[in-house]
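Our numbering puts the first residue of the sequence shown at 17, with every later residue one more than the last. Report on the structure given below.
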Amino acid sequence: MTATPATGHPASPPYPTLFSPVTVGPVRLENRVIMGSMHLGLEDRRRDAPKLAAFYAERARGGVGLIITGGFAPNRTGRLTPMAGTMRSAADVVAHRTVTHAVHAAGGRIALQLLHAGRYSYHPWSAAPERSTSPITPFTARRMSRRAVGRTVADFVRAAGLARRAGYDGVEVMGSEGYLINQFLSPRTNRRTDAWGGTPSKRRRFATEIVRRIRAAEGPDFLIVFRMSMADLVPDGQSLTETLELARELEEAGADLLNTGIGWHEARVPTIVTSVPRAAFTAFTRRVREAVTIPVAASNRINMPLTAEQVLASGQADLVTMARPFLADPDWVAKAAAGTPGRINTCIACNQACLDHTFQNRPASCLVNPRAGRETDPAFPPLPDRSLLPVAPRSRRKDTAPRRIAVVGAGPAGLAAATQAAARGLDVDLFEAGGSIGGQFRLARQIPGKEEFAETLRYFRQRIDETGVCLHLGRRATVPGLLDGGYDRILLATGVVPRTIELPGIDRPNVHAYPDVVSGRVRCGPRVAIIGAGGIGHDVAGLLTEPDPAAPQSPRSWHSQWGVDPDFTDRGGLTAADPGAPARRVHLIQRKTTRLGAGLGKTTGWVHRSALRARGVEGITGAGYVRIDDDGLHLDVDGARRVLEVDDIVVCAGQDSQRDLYDPLVAAGADVVLVGGADVAAELDAKRAIEQATRLAARL
Ligand code: NAP
Ligand code: SF4
Numbered sequence: 017m018t019a020t021p022a023t024g025h026p027a028s029p030p031y032p033t034l035f036s037p038v039t040v041g042p043v044r045l046e047n048r049v050i051m052g053s054m055h056l057g058l059e060d061r062r063r064d065a066p067k068l069a070a071f072y073a074e075r076a077r078g079g080v081g082l083i084i085t086g087g088f089a090p091n092r093t094g095r096l097t098p099m100a101g102t103m104r105s106a107a108d109v110v111a112h113r114t115v116t117h118a119v120h121a122a123g124g125r126i127a128l129q130l131l132h133a134g135r136y137s138y139h140p141w142s143a144a145p146e147r148s149t150s151p152i153t154p155f156t157a158r159r160m161s162r163r164a165v166g167r168t169v170a171d172f173v174r175a176a177g178l179a180r181r182a183g184y185d186g187v188e189v190m191g192s193e194g195y196l197i198n199q200f201l202s203p204r205t206n207r208r209t210d211a212w213g214g215t216p217s218k219r220r221r222f223a224t225e226i227v228r229r230i231r232a233a234e235g236p237d238f239l240i241v242f243r244m245s246m247a248d249l250v251p252d253g254q255s256l257t258e259t260l261e262l263a264r265e266l267e268e269a270g271a272d273l274l275n276t277g278i279g280w281h282e283a284r285v286p287t288i289v290t291s292v293p294r295a296a297f298t299a300f301t302r303r304v305r306e307a308v309t310i311p312v313a314a315s316n317r318i319n320m321p322l323t324a325e326q327v328l329a330s331g332q333a334d335l336v337t338m339a340r341p342f343l344a345d346p347d348w349v350a351k352a353a354a355g356t357p358g359r360i361n362t363c364i365a366c367n368q369a370c371l372d373h374t375f376q377n378r379p380a381s382c383l384v385n386p387r388a389g390r391e392t393d394p395a396f397p398p399l400p401d402r403s404l405l406p407v408a409p410r411s412r413r414k415d416t417a418p419r420r421i422a423v424v425g426a427g428p429a430g431l432a433a434a435t436q437a438a439a440r441g442l443d444v445d446l447f448e449a450g451g452s453i454g455g456q457f458r459l460a461r462q463i464p465g466k467e468e469f470a471e472t473l474r475y476f477r478q479r480i481d482e483t484g485v486c487l488h489l490g491r492r493a494t495v496p497g498l499l500d501g502g503y504d505r506i507l508l509a510t511g512v513v514p515r516t517i518e519l520p521g522i523d524r525p526n527v528h529a530y531p532d533v534v535s536g537r538v539r540c541g542p543r544v545a546i547i548g549a550g551g552i553g554h555d556v557a558g559l560l561t562e563p564d565p566a567a568p569q570s571p572r573s574w575h576s577q578w579g580v581d582p583d584f585t586d587r588g589g590l591t592a593a594d595p596g597a598p599a600r601r602v603h604l605i606q607r608k609t610t611r612l613g614a615g616l617g618k619t620t621g622w623v624h625r626s627a628l629r630a631r632g633v634e635g636i637t638g639a640g641y642v643r644i645d646d647d648g649l650h651l652d653v654d655g656a657r658r659v660l661e662v663d664d665i666v667v668c669a670g671q672d673s674q675r676d677l678y679d680p681l682v683a684a685g686a687d688v689v690l691v692g693g694a695d696v697a698a699e700l701d702a703k704r705a706i707e708q709a710t711r712l713a714a715r716l
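Now the structure itself:
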């Protein structure tokens with residue numbers, strides 16, 4: 017590939033398959049990237065339509081081929097939550113026009129997702145193929161009568177017609193992840209013996225009837241996408257034969273594109289968290305692709321252009337669907353097309369600001385891009401995007417009298433503040449005492465399964481160059497130095513230090529602060545006690561028990577660890593899990609009596625807990641720490657004394673703010689602001705740090 021001297025951009029397409037046009041039913045897409053469905057929390061109130069429109073339009077401008085909205089229910093029963101958005105009346109149509117107009121004006125295409133939640137509905141009126149309660153909802157769904165099934169099919173058809181009136185290019189019928197249509201398809205949840213169950217073909221009838229009747233009602237010039245489950249990953253899920261037969265019948269019924277999902281929401285196999293290897297499930301997609309002639313899109317843990325290109329070029333799919341990567345970077349497609357993947361703000365699959373928010377009924381955003389979902393909020397203004405332009409050297413910047421800012425500390429908060437401020441034209445010096453940027457993220461990326469965090473550091477490194485931040489590595493900022501620098505404002509993003517605890521024996525040589533263990537400066541023996549069972553305690557337990565830390569994680573080893581059968585021999589695509597022999601015996605301890613890891617993210621905590629359980633990590637709650645001596649760690653648990661005979665003890669007891677510079681600077685009259693962990697260390701997380709820094713930079 018050659019680069020043109022004027023722009024530095026490649027002269028030939030860097031990802032030839034990804035950027036080859038494709039015809040999907042009635043529409044021609046200029047690239048093979050679909051932005052998949054995400055619930056933003058802006059779908060449910062009509063008054064939020066302008067915000068939703070701004071969100072999608074920004075992604076359409078960024079070049080994505082086709083956008084699929086969050087799920088809208090075709091009737092009241094199918095709503096996921098009591099107030100969830102629907103597409104069932106003329107009033108709905110009006111609100112949606114705001115969205116479709118904005119996307120079309122930005123040159124994009126958009127399809128409405130129709131989702132009936134079935135027994136996943138979080139309200140007492142839920143309905144399903146049979147009376148049942150899912151393991152993830154408290155409500156029991158009633159059994160749908162034959163009439164109710166017929167009416168529901170008609171509701172899907174009516175909703176598709178309304179979507180067309182609202183200006184959508186098509187609809188996506190949501191048939192995966194364990195929602196109603198998937199419930200009809202699987203013997204796990206459909207034991208009916210009428211026309212809608214009893215045999216695989218009758219179980220498929222609900223899905224195929226919906227597609228057939230939408231096609232009949234809307235004709236050939238309306239895009240119909242069906243999102244189907246590649247493998248249910250639950251006991252008694254669909255078989256491979258049934259899955260492939262469904263794909264063929266959907267094509268015959270009139271679907272233009274098969275989008276894919278994997279695993280029901282109640283599956284005990286993680287499918288989207290950061291520890292899932294990239295493109296871990298595309299072998300499943302390939303089989304479906306070989307069974308049909310319409311295009312098939314692959315999804316799940318595809319977040320960078322090279323991965324996407326490899327999936328397409330190797331024939332595993334015709335298109336790729338990504339959702340969260342478009343929260344992280346609306347210009348993902350444009351940056352890939354320009355041959356500048358290093359400029360992509362990569363989704364690290366942490367779920368902290370997106371899915372975890374959704375489960376808490378809060379609007380979704382993004383840890384690495386707090387503007388996501390807030391495109392109309394003045395606190396998160398669009399930045400002049402230099403990312404698609406040649407890098408402007410600092411000396412050629414146009415600003416005549418930039419305000420001078422010092423940022424101290426190049427962890428997530430400092431990086432966000434410095435690059436955002438510089439992008440707005442301010443003159444920024446960023447001081448970092450260490451030899452590289454990253455702060456706590458540098459540690460996090462050492463944890464097996466958190467390698468994606470390195471992408472955020474690569475992105476910030478790139479932004480430093482693009483925005484002209486003057487980075488001083490290995491330079492500890494001092495009070496006199498900062499005062500002499502003549503800065504208009506000093507942002508202290510000096511982060512945190514690991515909390516030290518008072519305990520007899522805590523200064524023994526076999527007691528370590530977690531950074532020493534995570535960074536590899538200290539190697540622990542075969543028996544370890546971890547004091548503190550927060551996010552970092554869990555991470556350290558994962559690191560210390562990793563069966564073979566030197567072996568690179570591959571989809572194959574990951575499938576075996578979680579019991580996924582890529583050969584899809586049995587129903588659901590499951591097999592016996594083999595977590596591997598843990599490298600150490602680990603005890604993970606907290607004083608609270610609550611469930612271990614209760615404060616971890618809703619969508620990720622269970623993955624950590626289940627991985628550690630499989631590796632035999634002993635969780636101890638309600639512990640009192642007594643002392644450390646030659647015998648080990650002495651605890652009081654439930655009124656009884658217990659000694660853990662361990663070789664090493666790792667302290668993961670939270671952090672304290674590091675802000676030594678603050679008081680002297682304030683006393684000297686400097687304009688100083690604390691940001692990130694230096695401001696509040698309690699339950700410090702990068703989401704809060706980056707968001708706070710971004711808000712602050714917008715006000716400078
Ligand atoms: P944390 O979540 O606040 O946990 C600190 C742990 O230390 C708690 O288990 C606490 O439990 C214990 N502790 C606190 N003071 C103590 C003391 N004086 N003596 C003994 N034990 C003490 O902090 P963290 O683990 O350092 O994590 C920092 C932040 O990063 C958190 O917001 C966390 O959510 C986030 N993070 C999340 C993940 C993840 O979700 N996987 C991973 C890494 C970091 P007791 O008081 O009950 O003993
Ligand atoms: Fe990705 Fe995390 Fe952002 Fe969600 S919050 S989009 S998972 S980086």
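We put the CB at the ideal spot given by N, CA and C, even for glycine. Source: prediction; values computed, not measured.
Once the 5 residues before and after D345 are set aside, which same chain residues still bring their CB inside 6 Å of it? Within the sequence shown, numbered from 1, the residue matching residue 345 stands at position 329. Result list for D345: I360, N361, in chain order.
In whole angstroms, what is the alpha-carbon distance linking R537 and F469? The count along the sequence shown starts at 1 and reaches residue 537 at position 521. The count along the sequence shown starts at 1 and reaches residue 469 at position 453. Looking at the two C-alpha atoms, the distance is approximately 20 Å.
Where do the N-terminal and C-terminal ends of the beta strand (DSSP E) with D645 fall, by residue? By 1-based counting over the sequence shown, the position of residue 645 is 629. 639-645 is the span of the beta strand (DSSP E), which, as asked, contains D645.
For the ligand SF4, residues whose Cβ lies under 6 Å from any non-hydrogen atom: R340, L343, A344, C363, I364, A365, C366, N367, Q368, A369, C370, C382, L383, V384
Short check: CB of V43 to CB of R125, under 7 Å? Locating residue 43 in the sequence shown gives position 27, where the first residue counts as 1. Locating residue 125 in the sequence shown gives position 109, where the first residue counts as 1. Contact flag set, yes.
Would you decide whether S315 is buried or exposed? Buried here means 16 or more other CB atoms lie within 10 Å of its CB. If you number the sequence shown from 1, residue 315 lands on position 299. Looking at its Cβ environment, which holds 16 or more other Cβ atoms inside 10 Å, S315 is buried.
Would you kindly report the start and end of the unbroken beta strand (DSSP E) that includes V424? Against the sequence shown, residue 424 aligns to sequence position 408. From DSSP, the beta strand (DSSP E) with V424 extends over 420-424.
Which of helix, strand or coil does DSSP assign to G746? Past the boundaries of the shown model lies residue 746; the chain is included only from 17 to 716, so the question cannot be answered.
Just to confirm before moving on: does the CB-CB distance between D663 and R543 stay below 7 Å? To locate residue 663, count along the sequence shown from 1; it is residue 647. To locate residue 543, count along the sequence shown from 1; it is residue 527. Pairing D663 with R543 gives a Cβ-Cβ distance under 7 Å.
What do you get for G632, buried or exposed, if any count of 16 or more other CB atoms within 10 angstroms of its CB means buried? Position 616 of the sequence shown, counted from the start, is the residue given in the question as residue 632. Exposed is the label assigned to G632, since fewer than 16 other Cβ atoms lie within 10 Å of its Cβ.
Buried or exposed for T39, going by 16 or more other Cβ atoms inside 10 Å? Locating residue 39 in the sequence shown gives position 23, counting from the first residue. With a 10 Å radius around the Cβ and a threshold of 16 neighbouring Cβ atoms, T39 comes out exposed.
When DSSP labels each residue in this structure, what does T323 get in the three-state scheme? Against the sequence shown, residue 323 aligns to sequence position 307. Of the three classes helix, strand and coil, the one that applies to T323 here is helix, per DSSP.
Threshold first: 3 residues or longer. Then list the beta strand (DSSP E) segments lying entirely within the stretch 473-555, N to C. Those beta strand (DSSP E) runs which fall completely within the stretch 473-555 and span 3+ residues are 486-489, 505-508, 512-514, 527-529, 543-547.
Span of the beta strand (DSSP E) around H650: In the sequence shown, residue 650 corresponds to position 634, counting from 1. Start and end: 648-653.
Three-state secondary structure assigned by DSSP to S105: In the sequence shown, counting from the first residue as 1, residue 105 sits at position 89. It is coil, neither helix nor strand.
Are the CB atoms of A247 and A307 within a distance shorter than 7 Å? Position 291 of the sequence shown, counted from the start, is the residue given in the question as residue 307. Position 231 of the sequence shown, counted from the start, is the residue given in the question as residue 247. No, the Cβ-Cβ distance between A307 and A247 is not below 7 Å.
Could you have a look at A717 and say whether DSSP puts it in helix, strand or coil? Since the displayed the chain opens at 17 and closes at 716, residue 717 lies outside it and no answer follows.
If A593 and G579 are in contact, beta carbons under 8 Å, what's the gap, nearest whole angstrom? Your numbering for residue 593 matches position 577 in the sequence shown. Your numbering for residue 579 matches position 563 in the sequence shown. With 8 Å as the limit, A593 and G579 qualify as a contact, their Cβ atoms being about 3 Å apart.
Should R461 be listed as close to the ligand NAP, given that the test is whether its C-beta is under 6 Å from any heavy atom? Position 445 of the sequence shown, counting from 1, holds the residue named residue 461. Every heavy atom of the ligand NAP is 6 Å or more from the Cβ of R461, so no.
Alpha-carbon spacing of P29 relative to A353, whole angstroms: As a working mapping, residue 29 is identified with position 13 in the sequence shown. As a working mapping, residue 353 is identified with position 337 in the sequence shown. One C-alpha to the other measures close to 7 Å.
So, for G459: in the same chain, excluding its five sequence neighbours on each side, which residues have a beta-carbon less than 7 Å away from its beta-carbon? Here the question's residue 459 lines up with position 443 in the sequence shown. First, the amino acid is wrong: residue 459 is Leu here, not Gly. Closer than 7 Å at the Cβ level, and outside the excluded window around L459, lie P531, V534, S535.
For the stretch 233-240 against the stretch 170-189, are there 3 or more C-beta pairs whose distance is under 8 Å? yes
Suppose you measure from the CA of S403 to the CA of Y475; what does that come to, to the nearest Å? On the sequence shown, position 387 is the one that residue 403 refers to. On the sequence shown, position 459 is the one that residue 475 refers to. Low confidence applies here, because S403 scores a pLDDT of 46, under 50, leaving its location unreliable; read the following figure in that light. Distance between the alpha carbons of S403 and Y475: 11 Å.
Just how far apart, CA to CA, sit D687 and L681? As a first step, residue 687 must be located in the sequence shown, where it is residue number 671. As a first step, residue 681 must be located in the sequence shown, where it is residue number 665. Using only the alpha carbons, I get a separation of about 8 Å.
Residue from A599, R601, G550, R643 with nearest C-alpha to G621: Working through the sequence shown from its first residue, we reach residue 621 at position 605. Cα-wise, what sits closest to G621 is G550.
heavy atom of the ligand NAP below 6 Å from L616 C-beta: Residue 616 sits at position 600 when you count from the first residue of the sequence shown. True, at least one ligand heavy atom lies under 6 Å from that Cβ.
Please list the segments of the alpha helix (DSSP H) lying wholly inside the stretch 52-108, counting only runs of 4 or more residues, in order along the chain. 65-77
How far does the alpha helix (DSSP H) with H624 in it reach, from first residue to last? Locating residue 624 in the sequence shown gives position 608, where the first residue counts as 1. Counting along the chain, the alpha helix (DSSP H) containing H624 begins and ends at 621-630.
If I follow the unbroken beta strand (DSSP E) through Q671, where does it start and stop? The count along the sequence shown starts at 1 and reaches residue 671 at position 655. Annotation for Q671: the continuous beta strand (DSSP E) segment containing it runs 671-673.
T483 to R461 span [Cα, whole Å]: To locate residue 483, count along the sequence shown from 1; it is residue 467. To locate residue 461, count along the sequence shown from 1; it is residue 445. Those two C-alpha atoms are separated by around 25 Å.
Residue from V304, T298, Y195 whose Cα sits closest to the Cα of T257: Translated into positions along the sequence shown, residue 257 becomes position 241. Here the closest residue by C-alpha is V304.
Integer-rounded CB distance, given that T392 should sit under 8 Å from P66: Locating residue 66 in the sequence shown gives position 50, where the first residue counts as 1. Locating residue 392 in the sequence shown gives position 376, where the first residue counts as 1. Rounded, the Cβ-Cβ distance is 7 Å, consistent with contact.
Compute every distance between the C-beta of A353 and the non-hydrogen atoms of the ligand NAP, then say whether any falls below 6 Å. The residue labelled residue 353 in the question sits at position 337 within the sequence shown. No - the ligand NAP has no heavy atom lying nearer than 6 Å to the Cβ of A353.
Please go through the same chain and pick out, in chain order, the residues whose beta-carbon is closer than 7 Å to the beta-carbon of R378, but skip the five residues on each side of it. Translated into the one-based positions of the sequence shown, residue 378 becomes position 362. Answer for R378: G57, listed in chain order.
Heavy atom of the ligand NAP within 6 Å of A549 beta-carbon: Position 533 of the sequence shown, counted from the start, is the residue given in the question as residue 549. Under cutoff, so the answer is yes.
6 Å CB neighbourhood of V165 in its chain, flanking five on each side removed: Taking the first residue of the sequence shown as position 1, residue 165 is located at position 149. Around V165, the same chain offers W212 as residues with beta carbons nearer than 6 Å, after the five sequence neighbours per side are excluded.
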